[in-house]
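Under the working numbering, the first residue of the sequence shown is numbered 336, with each subsequent residue one higher. Think of the CB as a built atom: it goes at the ideal place given N, C-alpha and C, for glycine as much as any other residue.
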Amino acid sequence: MFYEMEIAGVKRQLPLCKVTDNLYIGAFIMFSDVEITVKSAEALLKKAPEFDVIVSAEAKGIPLCYEMARQAGTDNYVIARKGPKLYMNNILTTEVDSITTDHIQTLCIGDKEVEMIRGKRVLIVDDVISTGESLKSIENLVNRAGGNIVGRMAVLAEGEAADRDDIIFLEKLPLFNPDGTVK
Numbered sequence: 336m337f338y339e340m341e342i343a344g345v346k347r348q349l350p351l352c353k354v355t356d357n358l359y360i361g362a363f364i365m366f367s368d369v370e371i372t373v374k375s376a377e378a379l380l381k382k383a384p385e386f387d388v389i390v391s392a393e394a395k396g397i398p399l400c401y402e403m404a405r406q407a408g409t410d411n412y413v414i415a416r417k418g419p420k421l422y423m424n425n426i427l428t429t430e431v432d433s434i435t436t437d438h439i440q441t442l443c444i445g446d447k448e449v450e451m452i453r454g455k456r457v458l459i460v461d462d463v464i465s466t467g468e469s470l471k472s473i474e475n476l477v478n479r480a481g482g483n484i485v486g487r488m489a490v491l492a493e494g495e496a497a498d499r500d501d502i503i504f505l506e507k508l509p510l511f512n513p514d515g516t517v518k
């Protein structure tokens with residue numbers, strides 16, 4: 336089963352994936368899709384407030400974050416890693432319970448990333464905002480690093496996230512019944 340939608344002027348078929356017996360979601364995968372990444376970054380930048388640095392979570396936000404930074408003419412973007420790396424010092428961590436992952440994850444940044452964020456206007460970016468748990472975790476890291484969050488953006492707002500007034504997004508992604516109909 337698929338759900339066809341237009342995102343940043345590009346049509347895509349999103350496979351429907353089972354979350355629970357009564358809930359399916361449309362899987363939006365930016366990996367390996369350069370066209371959707373470039374077009375989404377362009378469309379989001381048109382709506383973005385002024386910022387100094389973009390922050391996203393590993394891994395699905397990476398291509399979008401990179402492309403937005405490239406198009407904006409800046410080299411300032413930070414990826415909250417899913418675990419500490421050997422090169423990271425003075426690590427800040429937070430936990431996230433995402434709808435698309437079957438376990439609690441840890442997100443972390445080190446002192447290099449903290450320095451990039453401290454005192455800066457931070458734009459948090461993700462591919463999809465659904466329950467908002469990933470967003471809360473990134474906000475936690477940015478706040479602890481001393482950044483000033485100026486915006487929260489995603490390509491898609493899934494389900495009730497589309498009703499939030501504190502995020503900017505390109506398109507609403509509905510939730511689905513087991514038979515593929517929109518909830």
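- The region 376-396 makes contact with the region 481-488, as at least three CB pairs between them are under 8 Å.
- About 6 Å separates the CB atoms of L476 and L442; that is less than 8 Å, so the two are in contact.
- For L421, no alpha helix (DSSP H) encloses it, and the DSSP letter there is neither H nor E.
- Check the Cα spacing between Y412 and each of G418, G515, A404: the tightest is with A404.
- Take G344, set aside five residues on each side of it, and the residues of its chain with a beta-carbon closer than 7 Å to its own are K374, in chain order.
- When Cβ pairs closer than 8 Å are counted between the two stretches, the region 443-456 is seen not to touch the region 364-380, the count staying below three.
- Shown here for M336: same chain residues with a beta carbon closer than 6 Å to its own, the five before and five after excluded, namely L351, G515 in chain order.
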